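Peer 1: Chains V and R supply the protein sequences, listed in that same order. With the first letter of the first sequence counted as 1, position 171 gets the number 216 in my numbering; the numbers rise by one all the way through. With the first letter of the second sequence counted as 1, position 98 gets the number 143 in my numbering; the numbers rise by one all the way through. Starting off with a structure, shown below.
2 protein chains.
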Amino acid sequence: MSKITSSIQEPGAEEKIKEAAKKVFLAKGYAATRTRDIAEEAGLNLALLNYYFRSKENLFHIVMMEKLQLFFNSMIAVFSNKELSLDGKIDTFVDRYITVLVQYPDLPIFIMSELHQRPQEFLKEMKVREVIQQSGLLQQIQERLKLSGGVMSTVHPIHFIMNITSLCVFPFIAKPIFQSLTGLEKEGFIALMEQRKVLVPIWIKQMLGG
Amino acid sequence: MSKITSSIQEPGAEEKIKEAAKKVFLAKGYAATRTRDIAEEAGLNLALLNYYFRSKENLFHIVMMEKLQLFFNSMIAVFSNKELSLDGKIDTFVDRYITVLVQYPDLPIFIMSELHQRPQEFLKEMKVREVIQQSGLLQQIQERLKLSGGVMSTVHPIHFIMNITSLCVFPFIAKPIFQSLTGLEKEGFIALMEQRKVLVPIWIKQMLGG
DNA sequence: AACAAATTTAATCATTTGATTAAATTATTT
DNA sequence: AAATAATTTAATCAAATGATTAAATTTGTT
Chain V
46 MSKITSSIQE
56 PGAEEKIKEA
66 AKKVFLAKGY
76 AATRTRDIAE
86 EAGLNLALLN
96 YYFRSKENLF
106 HIVMMEKLQL
116 FFNSMIAVFS
126 NKELSLDGKI
136 DTFVDRYITV
146 LVQYPDLPIF
156 IMSELHQRPQ
166 EFLKEMKVRE
176 VIQQSGLLQQ
186 IQERLKLSGG
196 VMSTVHPIHF
206 IMNITSLCVF
216 PFIAKPIFQS
226 LTGLEKEGFI
236 ALMEQRKVLV
246 PIWIKQMLGG
Chain R
46 MSKITSSIQE
56 PGAEEKIKEA
66 AKKVFLAKGY
76 AATRTRDIAE
86 EAGLNLALLN
96 YYFRSKENLF
106 HIVMMEKLQL
116 FFNSMIAVFS
126 NKELSLDGKI
136 DTFVDRYITV
146 LVQYPDLPIF
156 IMSELHQRPQ
166 EFLKEMKVRE
176 VIQQSGLLQQ
186 IQERLKLSGG
196 VMSTVHPIHF
206 IMNITSLCVF
216 PFIAKPIFQS
226 LTGLEKEGFI
236 ALMEQRKVLV
246 PIWIKQMLGG
């Protein structure tokens, strides 16, 4: 008897545990997660977690690095794309990023919460600084600000990175509050986020042009 | 011998424990906090925590409610002030709120993280919905949007509540990332936030007027 | 001062939790 | 098929953790 029942191969124990760990860590965070929760979610014996991953800490490190990639990759891919103008970067970033966040709504609070504990452990491996410096985005913003003149021309470009990420990410972090505020269910909330795909680029360009 | 050494009265054990609990819960979150950490921080015997507060859970509930008040009160006070125009609310809110957040930079990630677990437990007691409905803020936004005409006139006012809170709060939530990104220490980061006290109102008014 | 009430302490309990072990089972190689 | 290696399981360990207890100490009252 082969293990293949249909055309889809069932993942092995190691993969099952990692997927279960992603699910539980993302939902509850490191401190509130019990290794038994992960084993149960995977439908496997608890000892297999240590057999394949040595420790809860080590398994978390692997999961965290993957989630950090997911959180930063689509961001950096757009910001570093030398083909794109500033407006092109804004449009593409907002659309792609909100798409990712709609798919993984728990990702931002997980990342921010775990980075708030142990900030240096993970961020130094990510070299976010170097990537953004080399992307040319900061120069593009500064150039645009100079052109528009006015009050904003002397403002640090980092403010606009803060603005574009804030307007995309924060609604997902404060989702419980905004849902309580509006009375919207999951679908209604997603509808609002879909609207923001077109609204946020408009607002950001207004900020840059003032 | 009186307990009074100088003109300042030392707080009693109950108060010491609550203050220690605020400090530790805020820094580490509920799940990562050990009751022994709180007792040690207070410089008191562990049993006193249960003597005065019955349980970790109960102590947390008290701390969380106080921190929710701190997080929402200055917000609601401004938004509900019938004396203020829309522009007045924007200016006052941003200035006051960033002042609070500079003073308590860990407050937002704590609130968001704990609300993400148990969303209903705390939010239903806060009746955020009713307060915002009665504040008149949503009507003021809608009125302004109509006046300016254009694309934004049909957009839901909640988007602008999201925007103003996002631009103020998110930088504190993503502080480790922005510090890694800029290489700024605590003081440099605060300087950026001080700049945002004047910048955010400008940007928000641009959004409303487009 | 004598007594009662409130507070504080050290010791201890019962569970929970991350991890390990030795035996059992399954898969792979010879 | 036999032997070897890899995987899985149930049982167990040691440490951590929230909570309790009984005794000791301090404070307040008569």
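Just so you know, even glycine gets a beta-carbon here, dropped at the ideal spot from N, CA and C. Fair warning: this is a prediction, and the values are worked out from it, not measured in the lab.
Using beta carbons (cut-off 8 Å, strictly below), is His-35(V) in contact with chain R?
Peer 2: Because chain V in this structure spans residues 46 to 255, residue 35(V) falls outside the shown range and cannot be described.
Peer 1: Going along the chain, which residues of the segment 228-239 of chain R sit with their C-beta nearer than 8 Å to a C-beta in chain V?
Peer 2: Listed in sequence order: Gly-228 and Leu-237.
Peer 1: State the DSSP-derived secondary structure class of Lys-63(V), mapped to helix, strand or coil.
Peer 2: DSSP places Lys-63(V) in helix when its eight states are reduced to three.
Peer 1: To the nearest whole angstrom, what separates the beta carbons of Ser-211(V) and Ser-211(R), a pair I think is in contact under 8 Å?
Peer 2: With 8 Å as the limit, Ser-211(V) and Ser-211(R) qualify as a contact, their Cβ atoms being about 4 Å apart.
Peer 1: Could you give the uninterrupted runs of the alpha helix (DSSP H) lying entirely in the segment 155-213 of chain R, keeping only those of 4 residues or more?
Peer 2: The segment 155-213 of chain R contains these whole alpha helix (DSSP H) runs: 164-171, 173-180 and 182-193.
Peer 1: Should Met-46(V) go down as buried or exposed, given a rule of 16 or more other Cβ atoms within 10 Å for buried?
Peer 2: The pLDDT assigned to Met-46(V) is 34, lower than 50, so where the model puts this residue is not dependable, and the model offers no usable value.
Peer 1: If you measure from the beta carbon of Ile-135(V) to each beta carbon in chain R, is any gap under 8 Å?
Peer 2: By this cut-off, Ile-135(V) is not an interface position.
Peer 1: Report the rounded CA-to-CA distance for Pro-216(V) versus Gly-74(V), giving the unit in angstroms.
Peer 2: Cα-Cα distance, rounded: 19 Å.
Peer 1: Provide the residue span of the alpha helix (DSSP H) that contains Ala-257(V), from first to last.
Peer 2: Lying outside 46 to 255, the shown extent of chain V, residue 257(V) is not represented and no answer is given.
Peer 1: What number of angstroms, rounded off, separates the C-alpha of Arg-189(R) from the C-alpha of Arg-163(V)?
Peer 2: Spanning the two alpha carbons is a distance of roughly 44 Å.
Peer 1: Taking Thr-227(V) and Ile-203(R) to be in contact with their CB atoms under 8 Å, please state how far apart those CB atoms are, rounded to whole angstroms.
Peer 2: That pair is a contact at about 6 Å.
Peer 1: Strictly below 7 Å CB to CB, what residues from chain R border Leu-244(V)?
Peer 2: Result: Val-200 and His-204.
Peer 1: Using 8 Å as the threshold, is the C-beta distance between Ile-135(R) and Lys-63(R) below it?
Peer 2: Contact flag unset, no.
Peer 1: Cβ closer than 8 Å: which chain V residues qualify as neighbours of Thr-210(R)?
Peer 2: Under the 8 Å cutoff, chain V gives Phe-215 and Ala-219.
Peer 1: How should Phe-223(R) be labelled, buried or exposed, when 16 other C-beta atoms within 10 angstroms of its C-beta is the threshold for buried?
Peer 2: Buried, because 16 or more other Cβ atoms sit within 10 Å of the Cβ of Phe-223(R).
Peer 1: Cutting at 6 Å between CB atoms, please list the residues of its own chain near Glu-254(R), excluding the five before and the five after it.
Peer 2: Reading the sequence as shown, one finds Gly at residue 254(R) and not Glu. Closer than 6 Å at Cβ, skipping near neighbours: Ser-193.
Peer 1: In the DSSP assignment, find the alpha helix (DSSP H) that holds Asp-151(V) and state where it starts and stops.
Peer 2: No alpha helix (DSSP H) holds Asp-151(V); DSSP gives it neither H nor E.
Peer 1: May I have the straight-line CA-CA distance separating Lys-231(R) from Pro-150(R), to the nearest angstrom?
Peer 2: Going by the C-alpha atoms only, they are around 10 Å apart.
Peer 1: So, is the C-beta of Val-147(V) closer than 8 Å to a C-beta in chain R?
Peer 2: Chain R, which has no Cβ nearer than 8 Å to the Cβ of Val-147(V), makes this no.
Peer 1: If we call anything under 8 Å between Cβ atoms a contact, is Lys-220(V) one with Phe-234(V)?
Peer 2: Going by C-beta atoms, Lys-220(V) is nearer than 8 Å to Phe-234(V).
Peer 1: Does the distance from the C-beta atom of Gln-251(V) to that of Gln-251(R) stay below 8 Å?
Peer 2: Yes, Cβ-Cβ distance for Gln-251(V) and Gln-251(R) is below 8 Å.
Peer 1: Applying a beta-carbon distance threshold of less than 8 Å, which residues of chain R neighbour Val-173(V)?
Peer 2: Simply Ile-222, Ser-225 and Leu-226.
Peer 1: Taking Cβ-Cβ distances shorter than 7 Å, what residues in chain R pair up with Ser-158(V)?
Peer 2: Within 7 Å Cβ-Cβ: Ile-154 and Ser-158.
Peer 1: Go ahead and label Gln-114(R) buried or exposed: buried means 16 or more other beta carbons lie within 10 angstroms of its beta carbon, across all protein chains shown.
Peer 2: Exposed.
Peer 1: So, with DSSP's three-state summary, where would you put Ser-125(R)?
Peer 2: Looking at Ser-125(R) - three-state DSSP - the assignment turns out to be coil, as it is neither helix nor strand.
Peer 1: So is Gly-181(R) in contact with chain V if we call contact Cβ pairs under 8 Å?
Peer 2: For Gly-181(R), the answer is no, since every Cβ of chain V falls outside 8 Å of its Cβ.
Peer 1: Please list, in chain order, the chain R residues whose beta carbon lies closer than 7 Å to that of Met-120(V).
Peer 2: None at all; the shortest Cβ gap to chain R is about 11 Å.
Peer 1: Within 8 Å (strictly less), CB to CB, does Arg-81(V) reach chain R?
Peer 2: Chain R, which has no Cβ nearer than 8 Å to the Cβ of Arg-81(V), makes this no.
Peer 1: Look at the Cβ atom of Ser-180(V), then the Cβ atom of Phe-124(V), and state whether they are nearer than 8 Å.
Peer 2: Result yes, Cβ atoms of Ser-180(V) and Phe-124(V) sit closer than 8 Å.
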